[in-house]
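Participant: First residue of the sequence shown: 1, per UniProt numbering; consecutive thereafter.
We treat Cβ as the ideally placed atom computed from N, Cα and C, and that holds for glycine.
Computed from a predicted structure; not experimentally measured.
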Amino acid sequence: MNALAHPRVSFNQVGKRFSVADGELEAIRDFNLQIADGEFVAIVGASGCGKSTLLRLLVGLDAEYQGQILIDGQPVHGIGSERGIVFQEHRLFPWLTVAENIDLGLVNEGLERTRRGRRVADFISLVGLEDFAQAYPHQLSGGMAQRVAIARGLVASPRILLLDEPFGALDALTRQQMQDELLAIRERARITTLLVTHDVEEAIFLADRVVVLEPRPGRIKRIVEVDLPHPRQRASLAFHRLRETLLHELTHDERYLPPAVEQIRDLPLTYLAC
Ligand SMILES: Nc1ncnc2c1ncn2[C@@H]1O[C@H](COP(=O)(O)OP(=O)(O)OP(=O)(O)O)[C@@H](O)[C@H]1O
Ligand SMILES: [Mg+2]
1 MNALAHPRVS FNQVGKRFSV ADGELEAIRD FNLQIADGEF VAIVGASGCG
51 KSTLLRLLVG LDAEYQGQIL IDGQPVHGIG SERGIVFQEH RLFPWLTVAE
101 NIDLGLVNEG LERTRRGRRV ADFISLVGLE DFAQAYPHQL SGGMAQRVAI
151 ARGLVASPRI LLLDEPFGAL DALTRQQMQD ELLAIRERAR ITTLLVTHDV
201 EEAIFLADRV VVLEPRPGRI KRIVEVDLPH PRQRASLAFH RLRETLLHEL
251 THDERYLPPA VEQIRDLPLT YLAC
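(1) To the nearest angstrom, how far is the alpha carbon of Phe167 from that of Val127?
(2) When the Cβ atoms of the stretch 85 to 99 are set against those of the stretch 109 to 116, are three or more pairs found closer than 8 angstroms?
(3) With a cut-off of 8 angstroms on the beta carbons, I'd call Arg219 and Phe31 a contact; round off their distance for me.
(4) Compute every distance between the C-beta of Glu202 and the non-hydrogen atoms of ligand 1, then say whether any falls below 8 angstroms.
(5) Quick check: what's the CA-CA separation for Ile185 versus Asp131?
(6) Please name the residue, chosen from Leu173, Val200 and Gln134, that lies closest to Arg209 on a Cα-to-Cα basis.
(7) Between which two residues does the alpha helix (DSSP H) carrying Asn101 extend?
(8) Under 8 angstroms, with one C-beta from each stretch per pair, do the stretch 66 to 86 and the stretch 42 to 53 reach the 3-pair mark?
(9) I'd like the span of the beta strand (DSSP E) that includes Thr193, first residue to last.
(10) Classify Gln13 as helix, strand or coil using the three-state DSSP reduction.
(11) What residue range is occupied by the uninterrupted beta strand (DSSP E) comprising Glu39?
(12) What do you reckon, is the C-beta of Ala23 under 8 angstroms from a heavy atom of ligand 1?
(13) Are at least three pairs of beta-carbons, each pair with one atom in the stretch 228 to 248 and one in the stretch 74 to 84, less than 8 angstroms apart?
(14) What residue ranges within the stretch 59 to 115 form continuous beta strand (DSSP E) runs of no fewer than 3 residues, ordered along the chain?
(15) Quick check: does the Cβ of Lys51 come within less than 8 angstroms of any heavy atom belonging to ligand 2?
(16) Between Glu244 and ligand 2, is there a pair consisting of the residue's CB and a ligand heavy atom that are separated by less than 8 angstroms?
(17) May I ask you to check if the CB of Gly196 is nearer than 8 angstroms to at least one heavy atom of ligand 2?
(18) Looking only at its chain, what residues have a beta carbon closer than 8 angstroms to the beta carbon of Cys274, apart from the 5 residues adjacent to it on each side?
(19) Mind checking Gly105: buried by the 16 CB within 10 Å criterion, or exposed?
(20) Cutting at 8 angstroms between CB atoms, please list the residues of its own chain near Gly13, excluding the five before and the five after it.
(21) Which residue's Cα is closest to the Cα of Leu162: Ile124, Lys16, Gly60 and Ser19?
(22) With a floor of 4 residues, list each alpha helix (DSSP H) that falls wholly inside the stretch 130 to 184, ordered by position along the chain.
(23) When the distance is taken between beta carbons, is Leu58 closer than 9 angstroms to Phe18?
(24) Rounded to whole angstroms, what is the Cα-Cα separation between Leu55 and His90?
(25) For Glu214, count the other beta carbons within 10 Å of its own beta carbon; 16 or more makes it buried, fewer makes it exposed. Which is it?
(26) Can you give the beta carbon distance from Phe205 to Arg243, rounded, assuming they're within the 8 angstroms contact cut?
This is the structure in structure tokens:
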């Protein structure tokens, strides 16, 4: 049976415009994507091409858009605990401890207190923060705070997990560990996952399909299947080829590139000296 005949998530002709000071900004246009149950899809694209906007629409934080977003064939209405999200910035509550911040993810689960405490403790160990359960966010490094946010996104065992650059603030080693953890969690729970990342290698390492977005307005430029068995070998030729393909799609869009070196050279020196 075709897994996409009954997709877990469907974006049908989705468009999104924002009102801005000088009129309207078209952030997303004609976005169509079906995600199968248990599938892992990554989205890559230039800054500002609408990646976070798409996740906000799917999680139900913004109901004003064109087209349709369906979960199991039903339109999305507001937030729900079957969808967990890890935002681009950690968004922890500064007056709550690590354990209390993670516990917030269980607010609507109706679990009895001991089970709830055990569950929070399990997720604190999952992200390696056993010694910081009673610490407050200002006592954590950026990477540790992001790990708390990841634990909070996962603690209610969502069926759909939305991740917006979740590992961006982590050092390279922790980032790879978290990627392995994420794959292990998915293997056990077959969570349908939508990951936004700037890291093409991360997308290939984790995803079944990688969607390349084209900016202003955000549209699908290409969808690349990653047909490699897990665990994926970053040094393999097939991995390398996919990375080249995706980088080619991204960097053949001038809007993705940083300012030309010539432009930087032409800047008056006083702009650069401090
Ligand atoms: N609340 C808002 N009001 C007006 N414009 C917005 C709003 N939120 C996002 N935008 C605009 O929509 C476009 C897409 O923004 P979005 O945050 O989705 O980009 P992104 O792809 O996640 O970028 P990045 O990779 O930098 O996180 C941008 O041009 C942004 O300025
Ligand atoms: Mg974003």
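Facilitator: The structure says:
(1) Approximately 12 angstroms between the Cα atoms of the pair.
(2) Here the stretch 85 to 99 does not lie against the stretch 109 to 116, with fewer than 3 beta-carbon pairs under 8 angstroms apart.
(3) Their Cβ separation, rounded to whole angstroms, is 7 angstroms, which keeps Arg219 and Phe31 in contact under 8 angstroms.
(4) Every heavy atom of ligand 1 is 8 angstroms or more from the Cβ of Glu202, so no.
(5) When only Cα atoms are considered, Ile185 and Asp131 end up about 22 angstroms apart.
(6) With distances taken between Cα atoms, Arg209 lies closest to Val200.
(7) Membership of Asn101 in the alpha helix (DSSP H) is indicated by the continuous run Val98 to Asp103.
(8) Here the stretch 66 to 86 makes no contact with the stretch 42 to 53; the two share fewer than three CB pairs at distances below 8 angstroms.
(9) Going by DSSP, Thr193 is part of the beta strand (DSSP E) stretching over Thr192 to Val196.
(10) Correct three-state label for Gln13: strand.
(11) Bounds of any beta strand (DSSP E) do not take in Glu39, whose DSSP letter is neither H nor E.
(12) The sequence given here places Gly at residue 23; Ala does not occur at that position. Gly23 Cβ: outside cutoff for every heavy atom of ligand 1.
(13) Not touching, per the Cβ criterion.
(14) Complete beta strand (DSSP E) runs here, min 3: 66 to 71 and 83 to 86.
(15) Flag set: Cβ of Lys51 near ligand 2.
(16) Proximity of the beta carbon of Glu244 to ligand 2 is not indicated: no heavy atom of the ligand is located closer than 8 angstroms.
(17) The residue you asked about is not Gly; residue 196 is Val in the sequence shown. With a cut-off of 8 angstroms, the C-beta of Val196 is classified as near ligand 2, since at least one heavy atom of the ligand falls inside that distance.
(18) Below a pLDDT of 50, predicted positions are generally treated as unreliable, and Cys274, at 49, falls in that range; the measurement from the model is reported next regardless. Once the five neighbours on either side are set aside, Cys274 has no close Cβ partner at all.
(19) Classification for Gly105: buried.
(20) Inspection of the sequence shows that residue 13 is occupied by Gln rather than by Gly. Excluding sequence neighbours, Gln13 sits near Asp30, Phe31, Asn32, Gln66, Gly67 and Gln68.
(21) Taking each of Ile124, Lys16, Gly60 and Ser19 in turn and checking the Cα distance to Leu162, the smallest one comes out for Gly60.
(22) Entirely contained in the stretch 130 to 184, the alpha helix (DSSP H) runs reaching 4 residues are, in chain order, 142 to 154.
(23) No, these two residues do not count as a Cβ contact at 9 angstroms.
(24) Between Leu55 and His90, the C-alpha separation is close to 15 angstroms.
(25) Glu214 comes out buried.
(26) The C-beta separation of Phe205 from Arg243 comes to about 10 angstroms, leaving the pair out of contact by the 8 angstroms criterion.
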